[in-house]
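S.K.: Provided herewith is a single structure, encoded as structure tokens, for subsequent inquiry.
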Amino acid sequence: MLLFINKITEGDCFMSLIKCPECKKKISDTVSFCPNCGATITDHIKEQQKGKGSKKIIIISLIIFLILVVIGLAAFFIGKQIKSNKEEKLMKEQVKKQEEQFYNYCDTYSKALRDIHEYWLDYTSQKRKVWYNCIWNIESDETDDFTKDSKGAFYSDSNDALSEFSSSSYVESLLDECVEDVGKEKDLYAKLARIKSKNKNILELKKIISSTHETVTNMYKMEESYGYNYKEYDEKMDNYLEDITDAQTKIDSKKEER
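What the sequence shown shows, in this note's numbering, is residues 1105 to 1362, in sequence order.
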């Protein structure tokens, strides 16, 4: 910092430089006259010169202080903005990552629905054939093992045929596949539900998936606890399977819109 009044050392003492009021050259404040022009330097002039210098020092110091404050505030707000931009960028990256994960889960969910539809359609179709062939005493290589007793006669009660069908190794294996797929659907639904997003397409997909999950759950509950009533059972099961197919189509279509 350049000050108007400079301090110079002489031994252990300090003297100040002041300006001669006549020739304006710098001289020591200890002299009584200017060595350059000979002008008389009174104590009043010395104090006056020192006062002016002190005021200028204060003003300059204040200006420098204000400049430092402005620089400090600017650095603070710039740093805050940089931090905010970094956080916003990180948040966008996380949102994008979550959305990609959501669509990946959707792919797997759609495949699970396809498998559910395939296995349950196979199972319910076979179940209907057993019931129908038993009721009407229709012989068939597919159903004779279930519709006839050990003597080769058709069961008089179709429930006996359905019981044979349900306890067969074929159906047990098929039902295991059905139950496994329902378990996959439930697990995937939970993962999809946990992903938060404001994306319009994802929100619409979530509605479709939530409704489909309810359909799959109801279908499984009906199979577990509902006795076979050909008209009511068939109608409900057909509706469930149709809803699952529609949902799979909608999900696949929505995925393409992202």
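Think of the CB as a built atom: it goes at the ideal place given N, C-alpha and C, for glycine as much as any other residue.
Would you mind giving the Cβ-Cβ distance between K1231 and T1247, rounded to the nearest angstrom? I have them listed as a contact below 8 angstroms.
M.R.: Counted from its first residue, the sequence shown places residue 1231 at position 127. Counted from its first residue, the sequence shown places residue 1247 at position 143. Not a contact, Cβ separation roughly 10 angstroms.
S.K.: Between the beta-carbon of K1288 and the beta-carbon of A1351, is there less than 8 angstroms?
M.R.: Taking the sequence shown and counting its residues from 1, the one referred to as residue 1288 is at position 184. Taking the sequence shown and counting its residues from 1, the one referred to as residue 1351 is at position 247. Cβ atoms of K1288 and A1351: not closer than 8 angstroms.
S.K.: Where does I1355 fall in DSSP's three states?
M.R.: As a first step, residue 1355 is located in the sequence shown; it is residue number 251 there, counting from the start. Three-state result, I1355: helix.
S.K.: Output yes if chain D places a C-beta closer than 8 angstroms to the C-beta of E1318; else output no.
M.R.: Looking for chain D here will not work: only one protein chain is present.
S.K.: Helix, strand or coil, according to DSSP, for S1267 in the structure here?
M.R.: As a first step, residue 1267 must be located in the sequence shown, where it is residue number 163. S1267 falls in the helix class under three-state DSSP.
S.K.: Take the Cβ of D1285 as the centre, count every other Cβ of all protein chains shown within 10 Å, and call the residue buried at 16 or more, exposed below.
M.R.: Taking the sequence shown and counting its residues from 1, one reaches residue 1285 at position 181. So D1285 ends up on the buried side.
S.K.: For the region 1267-1282 and the region 1310-1318, state whether three or more C-beta atom pairs, one from each stretch, are separated by less than 8 angstroms.
M.R.: These segments do not touch.
S.K.: Looking only at C-alpha atoms, which of D1211, Y1324 and Q1185 sits nearest to K1396?
M.R.: The requested residue 1396 is not part of the displayed model; the chain covers only 1105 to 1362.
S.K.: Determine contact between the region 1315-1326 and the region 1339-1346, defined as no fewer than three beta-carbon pairs at a distance below 8 angstroms.
M.R.: Cβ pair count under 8 angstroms is three or more, so yes.
S.K.: Buried or exposed for C1141, please, with buried defined as at least 16 other CB atoms from any protein chain shown within 10 angstroms of its CB.
M.R.: Taking the first residue of the sequence shown as position 1, residue 1141 is located at position 37. Burial call: exposed.
S.K.: What three-state label does DSSP hand I1122 in the structure shown?
M.R.: Position 18 of the sequence shown, counting from 1, holds the residue named residue 1122. Correct three-state label for I1122: strand.
S.K.: Give the straight-line distance between the Cα atoms of D1245 and S1229, rounded to the nearest whole angstrom.
M.R.: The residue given as residue 1245 occupies position 141 in the sequence shown. The residue given as residue 1229 occupies position 125 in the sequence shown. Each residue's alpha carbon lies about 15 angstroms from the other.
S.K.: Is S1262 closer than 8 angstroms to C1238 when the C-beta atoms are compared?
M.R.: The residue labelled residue 1238 in the question sits at position 134 within the sequence shown. The residue labelled residue 1262 in the question sits at position 158 within the sequence shown. In contact: C1238 and S1262 (Cβ atoms closer than 8 angstroms).
S.K.: Considering only the beta carbon of each residue, do L1292 and Y1209 sit closer than 8 angstroms?
M.R.: As a working mapping, residue 1292 is identified with position 188 in the sequence shown. As a working mapping, residue 1209 is identified with position 105 in the sequence shown. For L1292 and Y1209, yes; Cβs fall inside 8 angstroms.
S.K.: Do you know offhand how far H1221's Cα is from L1194's?
M.R.: Counting from 1 along the sequence shown, the entry for residue 1221 is found at position 117. Counting from 1 along the sequence shown, the entry for residue 1194 is found at position 90. Distance between the alpha carbons of H1221 and L1194: 40 angstroms.
S.K.: Pick from L1225, E1151, S1214 and A1143: whose alpha carbon is nearest that of K1354?
M.R.: The residue labelled residue 1354 in the question sits at position 250 within the sequence shown. For K1354, the nearest C-alpha among the options comes from S1214.
S.K.: Provide the residue(s) that pair with S1132 in DSSP beta bridges, ordered along the chain.
M.R.: Looking up residue 1132 in the sequence shown gives position 28. According to DSSP, which records beta bridges pairwise, S1132 is partnered with L1121.
S.K.: Can the beta-carbon of E1192 be found less than 8 angstroms from the beta-carbon of N1303?
M.R.: On the sequence shown, residue 1192 is found 88 positions in, with the first residue counted as 1. On the sequence shown, residue 1303 is found 199 positions in, with the first residue counted as 1. Result no, Cβ atoms of E1192 and N1303 do not sit closer than 8 angstroms.
S.K.: Residues in the same chain with beta-carbon distance under 6 angstroms from S1272, minus the five sequence neighbours each way, listed in chain order, please.
M.R.: As a working note, residue 1272 is residue 168 in the sequence shown. Contacts found: none.
S.K.: By how many angstroms is the C-alpha of K1187 removed from the C-alpha of C1117?
M.R.: Numbered from 1 along the sequence shown, position 13 holds the residue referred to as residue 1117. Numbered from 1 along the sequence shown, position 83 holds the residue referred to as residue 1187. A caution first: C1117 carries a pLDDT of 45, below 50, which makes its placement in the model too unreliable to give a value.
S.K.: Suppose contacts are defined by Cβ-Cβ distances below 8 angstroms. Is F1181 in contact with S1301 by that definition?
M.R.: Translated into positions along the sequence shown, residue 1181 becomes position 77. Translated into positions along the sequence shown, residue 1301 becomes position 197. Against a cut-off of 8 angstroms, the Cβ pair of S1301 and F1181 comes out as no contact.
S.K.: Just the C-alpha distance for S1329 and Y1337, rounded to the nearest angstrom, thanks.
M.R.: Here residue 1329 corresponds to residue number 225 of the sequence shown, with the count starting at 1. Here residue 1337 corresponds to residue number 233 of the sequence shown, with the count starting at 1. Roughly 12 angstroms between the two C-alpha positions.
S.K.: Taking the C-alpha atoms as reference points, what is the distance between E1243 and S1260?
M.R.: If you number the sequence shown from 1, residue 1243 lands on position 139. If you number the sequence shown from 1, residue 1260 lands on position 156. Rounded to the nearest angstrom, the two C-alpha atoms are 14 angstroms apart.
S.K.: Measuring CA to CA, which of K1190, E1360, A1143 and Y1236 is closest to N1085?
M.R.: Any question about residue 1085 goes unanswered here, given that the chain covers just 1105 to 1362.
S.K.: Out of curiosity, what's the CA-to-CA distance linking F1258 and D1249?
M.R.: Residue 1258 sits at position 154 when you count from the first residue of the sequence shown. Residue 1249 sits at position 145 when you count from the first residue of the sequence shown. Whole-angstrom Cα-Cα distance: 10 angstroms.
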